[in-house]
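Just below is one structure, and these are the notes that go with it.
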Amino acid sequence: MNNTVQIDKTIDARGMACPGPLMNLIGAIRQGEVGQTFDVLSSDEGSKTDIPAWVAKAKHELIEVRPDAGFTHFIVRKVR
Amino acid sequence: MTNDVLIIGGGVGGTIVANLVAKEAGDRARVTLVDSTGMHVYQPGFLYVAVGQEKPENLSREESRLLRSEVKLVVDQATLVRTDDHKVVLKSGKTLRYDELVLATGSRIVPEEVPGAAGAHNFYSMEGATRLHRALEQFTGGTIVIGVAGIPYKCPPAPVEFVFLLDDYLRARRLREKSQIKLLSPLNRAFTIEATSKLVQPILAERGIELTGFFNVETVDPINKTVTSLEGETVGYDLLVLVPPHRGAKLIEDSKLGDARGWIPVDKNTLKHTEHPDIWALGDATNIPISKSGSVAHYEASVAADEIVAALKGEAPPAHVYDGKVMCFLETGQGQATTIRFDYDHPPVSPNPSHLWHWAKALFNKTYWHTVPQGRLP
Chain A
30 MNNTVQIDKT IDARGMACPG PLMNLIGAIR QGEVGQTFDV LSSDEGSKTD IPAWVAKAKH
90 ELIEVRPDAG FTHFIVRKVR
Chain B
240 MTNDVLIIGG GVGGTIVANL VAKEAGDRAR VTLVDSTGMH VYQPGFLYVA VGQEKPENLS
300 REESRLLRSE VKLVVDQATL VRTDDHKVVL KSGKTLRYDE LVLATGSRIV PEEVPGAAGA
360 HNFYSMEGAT RLHRALEQFT GGTIVIGVAG IPYKCPPAPV EFVFLLDDYL RARRLREKSQ
420 IKLLSPLNRA FTIEATSKLV QPILAERGIE LTGFFNVETV DPINKTVTSL EGETVGYDLL
480 VLVPPHRGAK LIEDSKLGDA RGWIPVDKNT LKHTEHPDIW ALGDATNIPI SKSGSVAHYE
540 ASVAADEIVA ALKGEAPPAH VYDGKVMCFL ETGQGQATTI RFDYDHPPVS PNPSHLWHWA
600 KALFNKTYWH TVPQGRLP
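Those protein sequences? They're chains A and B, same order as listed. Be aware that the first sequence starts at 30, since it is given in the working numbering, and climbs by one per residue. Be aware that the second sequence starts at 240, since it is given in the working numbering, and climbs by one per residue.
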């Protein structure tokens, strides 16, 4: 883990097909507080384009995209 | 020994399970189906009601006429499942015992979860589709916006089908040149399925239907006639059609048998409840991340029925499991349609739209009553 970022909520969407991981992130952002940081765990290839594209459109902050064993971490901060 | 097999919900999944278990289990089961209305409604027809291509009265039949004579139909509302003593409480105050329970309780729409959306149109109920049709009849031109206020919702391609049928409708009424159709999608494509989205997006463009991606409807301002997304965009409308948020049945939430949104956690292959080995769930009611559609309920029903019949006969669970099969039609307007087919191991594929698939869908809609509820189609 990146020790400089404190994760408020981990969204384990491993094994879910597209668009499950993104929709789980959208749900968490909808209910979360401004400033909170989410770590989405996804094994779906589509997330690599969908999640960064959505975060940019929704004007939140994509802090990090980091490959792990068979899945990827998407660390996103809700900024508005 | 005769077991009590109790099925809650007389939609496509519940009806097929009831008929198949009654047929296969013989004296081993007393099969009872509880439905709150006693009417079976063919929900894929709502789209056609909205655009004036179908009459509401053609979309419902008495459930009793679709069930085998061995199945007892109870028209009442199930209000609570008590897993501790294997009973289901009904609104009338009666209780029904079960040895095996099938929850085919579907989904419900909750437009009240979107601030300002109470007056928005939808095609997710007979009343909604009828009201939308009346509004379209009075429409004289302007901007029609179609938005989605939450995933999952029933029939993922329905908003896309609706805009194509709406385009046809407005052309037939010579209103198309005075109108704009805007489809707001929660994803950066037409709908959830990527391959089919790629197929339909050029057709949307060709018909002049504007697609806006990543628009997750958050609020509606009915005074100023605008809809605003979670992503921070605002779009104006003259007529708003919203796919409302969906939840599992209230019965499931009240009985604490589902997740936070009332979807029932089941094994994605056996459809058995993850915590209760004598409860199965199918169709819209489950938490399986697959389309909420009649097609899924249909394919799942024979799996649930086989599982229950094997349990009644004391046999090993059947090798036949639900493999995630989905097959549905997608109208692309101008008398053409495509299909979407996939399962857990095979990504969706769609052929190029053709008149053939439109006629196949029309034929299926007409013959449904004589084939699907009885379990005659595999």
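Think of the CB as a built atom: it goes at the ideal place given N, C-alpha and C, for glycine as much as any other residue.
query                                                                                                                                                                                     : result
Tell me residue 317 of chain B's beta-bridge partners as DSSP assigns them.                                                                                                               : B:329
Using beta-carbon positions only, say whether residue 423 of chain B and residue 466 of chain B come within less than 9 Å of one another.                                                 : yes
To test your reading of the DSSP string, which unbroken beta strand (DSSP E) runs of 3 or more residues are found completely within the segment 33-88 of chain A?                         : 38-41 and 66-71
Once DSSP output is grouped into helix, strand and coil, what is the label at residue 581 of chain B?                                                                                     : strand
Spatial neighbours of residue 519 of chain B within its chain, please: C-beta separation below 6 Å, excluding the five flanking residues on both sides.                                   : 341, 510, 511 and 543
Would you mind reading off the limits of the beta strand (DSSP E) that contains residue 94 of chain A?                                                                                    : 90-96
So, under 8 Å CB-CB, residue 421 of chain B and residue 451 of chain B are touching, yes? Tell me the CB distance rounded to an integer number of Å.                                      : 7 Å
When the distance is taken between beta carbons, is residue 482 of chain B closer than 9 Å to residue 389 of chain B?                                                                     : yes
Just checking my contact of residue 314 of chain B with residue 277 of chain B at CB under 8 Å: how many whole Å lie between their CB atoms?                                              : 4 Å
In three-state terms, what does DSSP make of residue 559 of chain B?                                                                                                                      : coil
Out of curiosity, what's the CA-to-CA distance linking residue 609 of chain B and residue 302 of chain B?                                                                                 : 13 Å
Looking at chain A, which residues of the segment 526-541 of chain B have a Cβ within less than 9 Å of any of its Cβ atoms?                                                               : 528 and 529
Within the same chain, show all residues whose beta-carbon is closer than 6 Å to that of residue 76 of chain A, passing over the 5 residues directly before and after it, in chain order. : 50
Any beta carbon from chain B within less than 9 Å of residue 37 of chain A's own beta carbon?                                                                                             : no
By Cβ distance, which residues of its chain are closer than 6 Å to residue 210 of chain B, with the 5 residues on each side in sequence left out?                                         : Since the first residue of chain B shown is 240 and the last is 617, residue 210 of chain B is not available in this structure.
Is it a yes or a no for the segment 394-407 of chain B touching the segment 547-556 of chain B, going by three-plus beta-carbon pairs under 8 Å?                                          : no
Assign residue 417 of chain B to one of three DSSP states: helix, strand, or coil.                                                                                                        : helix
Can you give the Cα-Cα distance for residue 309 of chain B and residue 272 of chain B, rounded to whole angstroms?                                                                        : 11 Å
Residue 343 of chain B by DSSP, collapsed to three states: which one?                                                                                                                     : coil
In terms of alpha-carbon separation, which member of A:67, A:73, A:72 and A:86 lies closest to residue 93 of chain A?                                                                     : A:67
Are three or more beta carbon pairs between the segment 522-530 of chain B and the segment 500-508 of chain B nearer than 8 Å?                                                            : yes
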